[in-house]
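One structure is given below, encoded as structure tokens.
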Amino acid sequence: MIRRYQPADRHGIAEVCLRTAAGGGDATGVYSDDTLMPEVFALPYVEYAPELTFVVSDGHRVLGYVLGVADTAAFVEWWRREWGPEFRKRHPAPGPPTGHDPKFSEEALIQAGVEPDRMLIAELDEYPAHLHIDLLPELQGQGFGRKLIDVFRAALASRGVPAVHLGLDAANTDARAFYDRLGFHELPSSRPEAPLLGIDTR
Ligand SMILES: CC(C)(COP(=O)(O)OP(=O)(O)OC[C@H]1O[C@@H](n2cnc3c(N)ncnc32)[C@H](O)[C@@H]1OP(=O)(O)O)[C@@H](O)C(=O)NCCC(=O)NCCS
35 MIRRYQPADR HGIAEVCLRT AAGGGDATGV YSDDTLMPEV FALPYVEYAP ELTFVVSDGH
95 RVLGYVLGVA DTAAFVEWWR REWGPEFRKR HPAPGPPTGH DPKFSEEALI QAGVEPDRML
155 IAELDEYPAH LHIDLLPELQ GQGFGRKLID VFRAALASRG VPAVHLGLDA ANTDARAFYD
215 RLGFHELPSS RPEAPLLGID TR
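Take our numbering: the last position of the sequence shown gets the number 236, and nothing is skipped along the way.
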């Protein structure tokens, strides 16, 4: 069942984020601290815009979500002021090596938690909103991704937001096929190593 976010979903959202954060696969243990990925790619959104967080739940736990913000520039301001300083206190420096060597290093991940400027893409005027979507493996391929994107676009449209964008890992070819199928297109500042896609909300 797809429903709006409730505060009790927070932990489940962090879990889904972690289990899908390695190019779509499980990132557990990749970084010295499993809270890092959710604290950069899921929890700030839940905190800033719970009204734009939607989950798939089986009644007991969260199996997937879509989340994002309507106004990326305002979110970046909030992140600088509120999220970044607290994040820095929790994660002052990279931890010990884990035996993994992710392309997105722990140092870069911590930097992303402190400094949100990467979100200020050139197309923000036309595509002010952005989103993240993740489903646990057992939920994938059953139409929930399409439904979540529909719900998210409708929520944005009802707020008068014209279009939404997202960035993805170039290695995540399954996600790319999904977005292509749904009608997302590449934005002008998209690069092969850092794809950037967008779509209207209507
Ligand atoms: C990517 C993801 C959100 C897609 O959601 P999903 O529920 O698996 O996709 P759906 O079943 O809703 O598929 C929607 C459409 O995309 C197509 N599609 C989905 N994955 C595809 C793939 N790998 N190749 C080709 N087509 C694909 C489906 O065939 C379907 O087409 P249709 O509706 O016209 O029949 C989900 O698989 C996921 O969370 N993956 C792991 C985390 C991840 O990669 N997140 C995105 C990070 S940018």
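Each residue gets a CB set at the ideal place from its N, CA and C atoms; glycine is no exception. Please read all numbers here as calculations on a predicted model, not as lab measurements.
{"query": "Of the choices Ser66, Gln174 and Ala189, whose alpha-carbon is the least far from that of Gly58?", "result": "Gln174"}
{"query": "Please indicate yes or no: does the CB of Trp179 lie closer than 7 Å to some heavy atom of ligand 1?", "result": "In the sequence under discussion, the amino acid at residue 179 is Gly, which differs from the Trp named in the question. Yes - ligand 1 has a heavy atom lying nearer than 7 Å to the Cβ of Gly179."}
{"query": "Run through the stretch 72 to 107 for me and flag every whole alpha helix (DSSP H) of 4 or more residues, listed as ranges in chain order.", "result": "77 to 82"}
{"query": "Pull up the distance between the alpha-carbon of Arg180 and that of Ala76, whole angstroms please.", "result": "19 Å"}
{"query": "Assign His94 to buried or exposed, taking buried as 16 or more other Cβ atoms, counted over all protein chains shown, within 10 Å of its Cβ.", "result": "exposed"}
{"query": "Who are the near neighbours of Val90 in its chain, counting only those whose CB is closer than 8 Å to its CB and skipping five residues on each side?", "result": "Met35, Ile36, Val96, Leu97, Gly98, Tyr99, Leu169, Leu173, Phe178 and Leu182"}
{"query": "Quick one: what does DSSP say His164 is sitting in, helix, strand or coil?", "result": "strand"}
{"query": "Just curious, the beta strand (DSSP E) that Asp234 is in, first and last residue?", "result": "Leu230 to Asp234"}
{"query": "Let me confirm a value: Asp43 is counted as buried when at least 16 other C-beta atoms fall within 10 Å, else exposed. Which label applies?", "result": "buried"}
{"query": "Helix, strand or coil for Ile155 per DSSP?", "result": "coil"}
{"query": "Can you tell me whether Leu230 is buried or exposed, with buried defined as 16 or more other CB within 10 angstroms of its CB?", "result": "buried"}
{"query": "Go through its chain and collect everything with a Cβ distance to Ala56's Cβ below 8 Å, but skip five positions before and after it.", "result": "Val64 and Pro136"}
{"query": "Report buried or exposed for Pro41, applying the criterion of at least 16 other Cβ atoms within 10 angstroms of its Cβ.", "result": "exposed"}
{"query": "Determine the burial state of Thr235: buried for a count of at least 16 other Cβ atoms within 10 Å of its Cβ, exposed for fewer.", "result": "buried"}
{"query": "Would you list the residues sitting across from Gly201 in a DSSP beta bridge?", "result": "Leu230"}
{"query": "Could you give the C-beta distance for Val198 and Gly232, rounded to a whole number, given that I count them as a contact under 8 Å?", "result": "7 Å"}
{"query": "For Arg124, does the count of other Cβ atoms within 10 angstroms reach 16, so buried, or fall short, so exposed?", "result": "exposed"}
{"query": "So, are the CB atoms of Glu140 and Ser66 less than 8 Å apart?", "result": "yes"}
{"query": "Going straight from the alpha carbon of Arg225 to that of Gly129, what length do you get?", "result": "31 Å"}
{"query": "By alpha-carbon positions, which one of Phe138, Leu158, Tyr82 and Gly118 ends up nearest to Pro150?", "result": "Gly118"}
{"query": "Answer yes or no: do Ala104 and Leu158 have a C-beta to C-beta separation smaller than 8 Å?", "result": "no"}
{"query": "Would you check whether ligand 1 has a heavy atom nearer than 7 Å to the C-beta of Leu97?", "result": "no"}
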